[in-house]
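Written below as structure tokens is the structure these notes are about.
There are 2 protein chains.
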Amino acid sequence: MAKKYVYLFGTRKSEGDRSMRNLLGGKGANLAEMSSLGLPVPAGFTITTEVCTHYYDNKMSYPSQLSKQVEAAIVEVEKKMGAKFGDPKNPLLLSVRSGARVSMPGMMETVLNLGLNDEIIEGLVEKSGDPRFCYDVYRRFVQMYGDVVMGVRPEGIEIDPFEQLIEKKKHKRGVELDNELLAEDLKELVVEFKAEIKKRLKRTFPEDPKEQLWGSISAVFNSWQGERAIRYREIEGIPHNWGTAVNVQSMVYGNMGDDCATGVAFTRDPSTGKNKLYGEFLINAQGEDVVAGIRTPEPVSLLKRKQPKAYKEFEDVCSLLEKHYKDMQDMEFTIQQGRLWMLQTRSGKRTAAAAVKIAVDMVKERLITKKEALLRVNPADLDQLLHPTFAAGKKSEVIGKGLPASPGASSGTVIFHADQAEELAAQGKQVILVRLETSPEDIGGMHAAQGILTARGGMTSHAAVVARGMGKCCVAGCDDISIDYKKDQFTAGGKTIKKGDWVSLDGSSGEVMLGEVPTQEAKFSREFAQLMKWADEARKLKVRTNADTPHDSDVARRFGAEGIGLCRTEHMFFEGDRILAVREMILAEDEKGRRKALGKLKPIQRRDFEGIFKAMNGLPVTIRLLDPPLHEFLPHEAAQQKEMAAQMKVPLSQIKKKIDSLHEFNPMLGHRGCRLGITYPEIYEMQVEAIFEASINAKKKRIKALPEIMIPLVGTVRELSDLKAMVDRVASEVSKKRKTKLSYSVGTMIEIPRAALVADQIAEQAEFFSFGTNDLTQLAFGYSRDDAGKFLPEYVEQGILPTDPFQSLDQEGVGQLVSMGTERGRKARKNLKVGICGEHGGDPESVAFCHSVGLNYVSCSPYRIPIARLAAAQAAVSNK
Amino acid sequence: MAKKYVYLFGTRKSEGDRSMRNLLGGKGANLAEMSSLGLPVPAGFTITTEVCTHYYDNKMSYPSQLSKQVEAAIVEVEKKMGAKFGDPKNPLLLSVRSGARVSMPGMMETVLNLGLNDEIIEGLVEKSGDPRFCYDVYRRFVQMYGDVVMGVRPEGIEIDPFEQLIEKKKHKRGVELDNELLAEDLKELVVEFKAEIKKRLKRTFPEDPKEQLWGSISAVFNSWQGERAIRYREIEGIPHNWGTAVNVQSMVYGNMGDDCATGVAFTRDPSTGKNKLYGEFLINAQGEDVVAGIRTPEPVSLLKRKQPKAYKEFEDVCSLLEKHYKDMQDMEFTIQQGRLWMLQTRSGKRTAAAAVKIAVDMVKERLITKKEALLRVNPADLDQLLHPTFAAGKKSEVIGKGLPASPGASSGTVIFHADQAEELAAQGKQVILVRLETSPEDIGGMHAAQGILTARGGMTSHAAVVARGMGKCCVAGCDDISIDYKKDQFTAGGKTIKKGDWVSLDGSSGEVMLGEVPTQEAKFSREFAQLMKWADEARKLKVRTNADTPHDSDVARRFGAEGIGLCRTEHMFFEGDRILAVREMILAEDEKGRRKALGKLKPIQRRDFEGIFKAMNGLPVTIRLLDPPLHEFLPHEAAQQKEMAAQMKVPLSQIKKKIDSLHEFNPMLGHRGCRLGITYPEIYEMQVEAIFEASINAKKKRIKALPEIMIPLVGTVRELSDLKAMVDRVASEVSKKRKTKLSYSVGTMIEIPRAALVADQIAEQAEFFSFGTNDLTQLAFGYSRDDAGKFLPEYVEQGILPTDPFQSLDQEGVGQLVSMGTERGRKARKNLKVGICGEHGGDPESVAFCHSVGLNYVSCSPYRIPIARLAAAQAAVSNK
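Those protein sequence lines, which keep their order, are chains A and B. For what it's worth, this note's numbering labels the leading residue of the first sequence as 45, then goes sequentially. For what it's worth, this note's numbering labels the leading residue of the second sequence as 45, then goes sequentially.
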């Protein structure tokens, strides 16, 4: 038997259903489903996506059986609609539309009103008794066909040739609007259009309806490989070999009089999620008019008054569709002379807030299960709900646009130096820190600022990463602005903004605005809390946070953190006066000098840890010992070096000499992490002492401290075993001295590829692994996060990489190291605790991957915790 | 039955043999072997290494059976030697010596002349009739026992207390030399020694011979865990749990008169390999005297005249031993009153030249097979044979010592700038380039210089790597020198050396010498050629070279290269005027500008390739497309930037701006390799055109060019497939234009960890893999080769890493990536050609690894080719 290429819908029997989306496309599958449900769908048929594939695999030719199947389908449609395609006495008009597996709005071609010629139009006029309507339809058809199928396009700067003729006609008639033209004018235009086509293309407009049909079908298939469509698929990651289906459907008209209407509607409010029919319509109009915006559509609720019968029917259809699809529907409909026709239904797009509300409401309505509800919300979209936003409708002049590096909204006065930002913030001022780029020295100022604006750097630049960690609004890499540090000002959009001027940042769009724009804090709905509760019940992965301060720890707990997965001790080294002690340590000539300076740091570190233990009372706290190379703690700029010399009362030359001696060509691969711990054991010793002393002090206040000491950058088992021996020694010393037992564990970051390869050896020493996927990605790819901006965007654009691997874990490559490391580690130590603490811990796809390879937890910045919780739940629910 | 802890030798029946080295130690096993051969060995026994292990596993106690077994052994020894241990009438004296599996010279303790006390000495005097000799033996025994066993050591700056007493005695007697003291004096000294011991230790010197014996045995076992011994084992990589054996042996004396002698000898000349007995002896002396150097020993050939009978016997023993062991032997012997005693034999250490000659000679003598000969020469030692050396005996004042970064010897006048070095060399001058450190800009000057001296950087610094590649002498990281570029001079060892002064470098020792020292070129012996021929027959791995110029290619072919495994095109970018075109390309605003500049470069590159193809006629040439980031081609220093601005007639600000925009925090992980090829396709296009055009031009001259185009730094398959498509396109264009067929292949470096992980995907595109183990090591460990000097030496010293992973491939970690990449690659493409082209290609252990994982070839710098050939042969021979 010949393969089936054509599926009927809206006829006596629908041949498809919604499960056949891959074969029939989304539109075709849903039209078939609706007609199976008995809903009023104009009869038609779908030519499958397989035909599209065949078409491109066979030099743009069709399967031999196709034309016969199409003809048979037309006969069925004719029967149902009581009209005949190409019959001048009772003509059937058709539309031809694309329909891929997933919606590609506006990317492919459509031909409407097909099946007319100079003979048939007469019959149509006679049958309908409305010559103006009929000639308008004919005019639209010739115009559309001439453009889409035949290829009449404006040349150079010319305006559309058909529109030119219409303009001429209106001018001649002395009217302004298209609909002021009379039937006779439109009839003339059809003739003129055809002549224009002939003139331009040396081809005649086809009068044969069948030729028109096949021309239209080919035009739709061709548009699958059109430039726009290809580009769209590349961006959206849609495979080119999916192909599109073609839907051929009887025309219905919403513009045949005041008993006609056309509209679009949602079964619930897509913005708030409220369970109320939502949408708009136009009386006596065609679908395109609603979109075109020439007339203002009315809210769908008014249709009740204007066409109560049709409205009632529509309401029933909506209710039935939602119950059937168990999801909020986005529909197109037309009322032709009082009769409702459904032209499309699909799951409706919605805001994050609406998604949450709809999902939770539908569970209450027993439409869906909790598990289904969890899958209904895109975790990444939750980000919209967690950050401050500009108060509704409030905006201001946009003077530049950068990368939306960390979401949220903020306003403040411009300041160019981190230390000044701290000072002003201490005085209660709201400031926006503006820098070419930020560096670890700026941490204090970044913390103090309301928002951060940088002129350089990408989505994973220092500013972006730190700001996201702090949940602070940041616009990065805004090359529209030009900073002059000397003059304390920047220029953008032709304006000069001086220190102290107000600006506002939209971290979700990347916009930089002039002046102060009021913001509002995020509020969590009841439904949000409910969904999160379900997520927690469902997920297997624990979710921890990356937090370095008691404040961040508090925020994270409120967002549901189940411990700290990464507490970076170096951030504590920068704050306030402590940097002086750090620098004294670095400048010291010998171990004795270093120990002296470290002695000053210890009580400060201890207090830091006490605060964090208090905030995390009873939850595990993974503390990473010092990681960055020492030169990061010394000032880069000459002025600050001078200042440091004065402060520390040492000659400037000594500071310069030290900076020289610490200089590294590739600091990322340099003298950092446990390499410092091995060569300067006294630094780690001080940190470990501070941790244990804080732990004992906490205990005395009835706070339960659960420190997990994490050794960074381990590449060989000996690094870990030597440092673990040190930790154990210090623990027993402190324990003895304070006469208190200590409980703690020692583990390591797996962030060096070699560590993943020899994870079995390392797990003999480590009680836990935490994959540092930032560094692991840098090393597995050989990319420097600070430099990759020079080629990564182009790599993503060209499709060499599917996404930025610093944003979503490269499962194919880096993922192998994660799964290999986990597997080998657990082989050596069965109960090894394994987590990740890179930026990826807050990326839903990466969280799903972590679930799939059996990690125990992910750790992410506080503001991404709800996202990780939901993503973890989805992974658990859909993995089954 | 009780376990056997004691093995007899030299008695009626020897219980051990040379195969029992692990149990009896090297010395014990060979003593047993010699006595089994019927050679005159003073009777004795060996206490096994298992006793040592037991001793340390059981709180320094012995197996219960040991003392009985020792007593029984002594009885056997007494029988053989016709004397009794502890019998005043006929005393047997013993020595107690250590003996581990491998020789640890001087690292453990020895006690001689054991078995004397005040009563026994009388008997000995009576028996021997030589009181002076006897009391000297007694004096030596008490002194040695007091020191080694009892622990009398000088305190603080004091000189040895026993020596003090001897000095006092000589002073009293008015004599100068020890041997001028009389028997009476020596007798007094014994009394004084014992008193001193009592005074210092509050313990009495043991008069019981058995107590003396056990004290000595324990002292030897204890010395296994002495500080010196532990340190030595760490350096040499000897496991601590091997333990030492203890050899207890009858004393024989070479100092009982003029019919006595003692000496050491080799069966062949250890320096040249000549087949002639070689060694030295002293008449009437003890073994220690030969070493001590108070009397000058005589060549062993003279013994023939002085003691013809003993000499004849010794000659026979030597011949027998060499035939038996099938290797050149290093022996100790003593002649006591005309009777020969053999005290030790072992395989003798030898120079590389001797090793080669002995191995080849022994094959001719049918002593060993070719395969055995191949295994007799340490490949790394061949390096000594390949480079120039200082003419024999010529040296000069050493003013500093750095790292022996690239072997060889060179003399020249000091110059501090690369461009000046080039100028002077062009005038025929010999120069030594002296720099703080070198950078790619200095390549020309390095090539022109005789040798390179740097004040900073390690064994894998730029200077070291490049110099080794060029086979040029280099001393790196010499912090004894202090350079002043402004004054064009450096100071070292209190001397100031100005531009134009002569210095000499020894790249094999790291010494920097004042003035000109004559050098001599390496000459290859007939035996060397023979051994290499056997190596080539035996090996499975091909050996290629890393070479960037026709000159290097020629050298490499002479050394036996079978093609080029790595031709770095960027080195060609620096030479002469071409750097100007490169810089023009970098400064260009757009693709058009870049293409224009590249147009100037193309003919130059083409000529380069033509030269290389000619040198490698018929052999494959792997050409790596541009690899380093563009900023490496711009000058670092202000003065040179100014010069560049003037030369190129562009404002300095433009150059600075470009340098700023190209700046990278981690250039190693930056915009380089195929990332350049993707973002600036025109660069690679030019290179590929030049390759193909050169290939066709070569063909016209009947030169067979076999280019293999290698894409560097591939991490994702798309990088390779996109660039491969470009190569194929250019090939077909050039081929069409020149109407000539082209044969070539396209492959990739595997130097990014991710590439090894997805090697199966990459092999679908790549026709060959070349592991770039330098970068692979950098990324797998997260080490920057340029910076690792800050901690790597300490890592190796502390034993965290067994060796510098940039010198010898880290088989455990990086090796996994190599074997995984090979395996996965071959799974996707069965006939995938796989090689390595990192520095490791010339390291014998790494070569063996490459053989074991089934690579097709290794590629190394020209001067290391013979090493790689031999190492590959050894791997094949010992692997089967």
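Using N, Cα and C, we set each Cβ at its ideal position, and we do this for glycine too. Owing to the predicted nature of the structure, the values given are computational and were not obtained by experimental measurement.
Query	Result
Residues of the stretch 683-694 of chain B with Cβ closer than 7 Å to any Cβ of chain E, in chain order	Among the chains of the structure shown, chain E does not appear; the protein chains present are A and B.
SER526 (chain A) to GLN464 (chain A) span [Cα, whole Å]	20 Å
Chain-ordered neighbours of ARG719 (chain B) on chain A, where CB pairs are closer than 7 Å	PHE835
Residues within the stretch 788-806 of chain B neighbouring chain A, beta-carbon criterion of under 7 Å	ILE796, PRO797, ARG798, LEU801, VAL802
CB contact below 7 Å: ASP831 (chain B) versus chain A	yes
Per-residue burial, GLY501 (chain B) [other beta carbons within 10 Å of its own, 16 or more giving buried]	buried
Length of the line joining the Cα atoms of GLY620 (chain A) and ALA872 (chain A)	44 Å
Separation of GLU795 (chain B) from PHE825 (chain A), as counted between CA atoms	10 Å
Under the three-state DSSP convention, the category TYR529 (chain A) falls into	coil
Beta-carbon spacing of ALA803 (chain B), GLY865 (chain B) below 7 Å	yes
Beta carbon of PHE572 (chain A) nearer than 7 Å to that of VAL400 (chain A)	yes
CA nearest to the CA of LYS781 (chain A), picked from A:ILE740, A:TYR788, A:VAL181	A:ILE740
CB contact check: TYR827 (chain B) to chain A, cutoff 7 Å	yes
Validate contact between the stretch 60-69 of chain B and the stretch 135-147 of chain B using beta carbons, cut 8 Å, 3 pairs	yes
Chain B residues whose Cβ lies nearer than 8 Å to that of ASN818 (chain A)	Result: empty, since nearest Cβ-Cβ is about 12 Å, beyond 8 Å.
Neighbour flag for LEU823 (chain A) against chain B, beta carbons, 7 Å	yes
Residue of A:ASN590, A:LYS834, A:LYS693 minimising C-alpha distance to SER905 (chain A)	A:ASN590
Cα-Cα separation between ASP103 (chain A) and GLY287 (chain A), rounded to whole angstroms	Checking the displayed sequence, the identity of residue 103 (chain A) turns out to be Lys instead of Asp. Using only the alpha carbons, I get a separation of about 15 Å.
Contact set between MET712 (chain A) and chain B, taken where Cβ atoms lie within less than 9 Å	PHE709, ASN710, MET712, LEU713, GLY826, SER828
Sub-7 Å separation of GLU359 (chain B) and SER267 (chain B) beta-carbons	no
Residues near SER63 (chain B) in its chain [Cβ-Cβ closer than 8 Å; skip 5 each side]	ALA73
Reduced DSSP category for ASP374 (chain B) - H, G, I as helix; E, B as strand; rest coil	strand
Supposed contact pair GLY301 (chain B) and PHE4 (chain B) - C-beta distance, whole angstroms, cut 8 Å	Limits of chain B in this structure are 45 at one end and 924 at the other, which puts residue 4 (chain B) out of reach.
Contact the stretch 217-234 of chain A vs the stretch 174-184 of chain A: 3+ CB pairs below 8 Å	yes
Between the CA atoms of ALA734 (chain B) and GLN855 (chain A) - distance to the nearest angstrom	39 Å
Proximal residues, the stretch 720-734 of chain B versus chain A, C-beta separation under 7 Å	ILE722, THR723
Under 9 Å from the C-beta of GLU856 (chain A): neighbouring residues of chain B	THR760, ARG798, LEU801, VAL802, GLN805
Under 8 Å by beta carbon: chain A residues contacting GLU838 (chain B)	ILE722, THR723
Sequence-distant residues of its chain with Cβ nearer than 6 Å to ASN299 (chain A) (five each side left out)	ASN328, ALA329, GLN330
Backbone secondary structure at LYS877 (chain A) - three-state DSSP	strand
CB contact check: GLN809 (chain A) to chain B, cutoff 7 Å	no
Under 8 Å by beta carbon: chain A residues contacting LEU853 (chain B)	Those within 8 Å of LEU853 (chain B) in chain A number zero; the least Cβ separation is about 12 Å.
Residue nearest to VAL85 (chain A) in terms of C-alpha spacing, selected from A:VAL95, A:LEU110, A:SER58, A:THR316	A:SER58
Meets three-Cβ-pair contact criterion under 8 Å: the stretch 684-696 of chain B and the stretch 814-831 of chain A	no
Cut-off 8 Å between Cβ atoms - residues of its own chain near GLY859 (chain A), not counting five sequence neighbours on either side	LEU853, PHE893, VAL897
Whole-angstrom C-beta distance between ILE806 (chain B) and GLY869 (chain B), which should lie under 8 Å	7 Å
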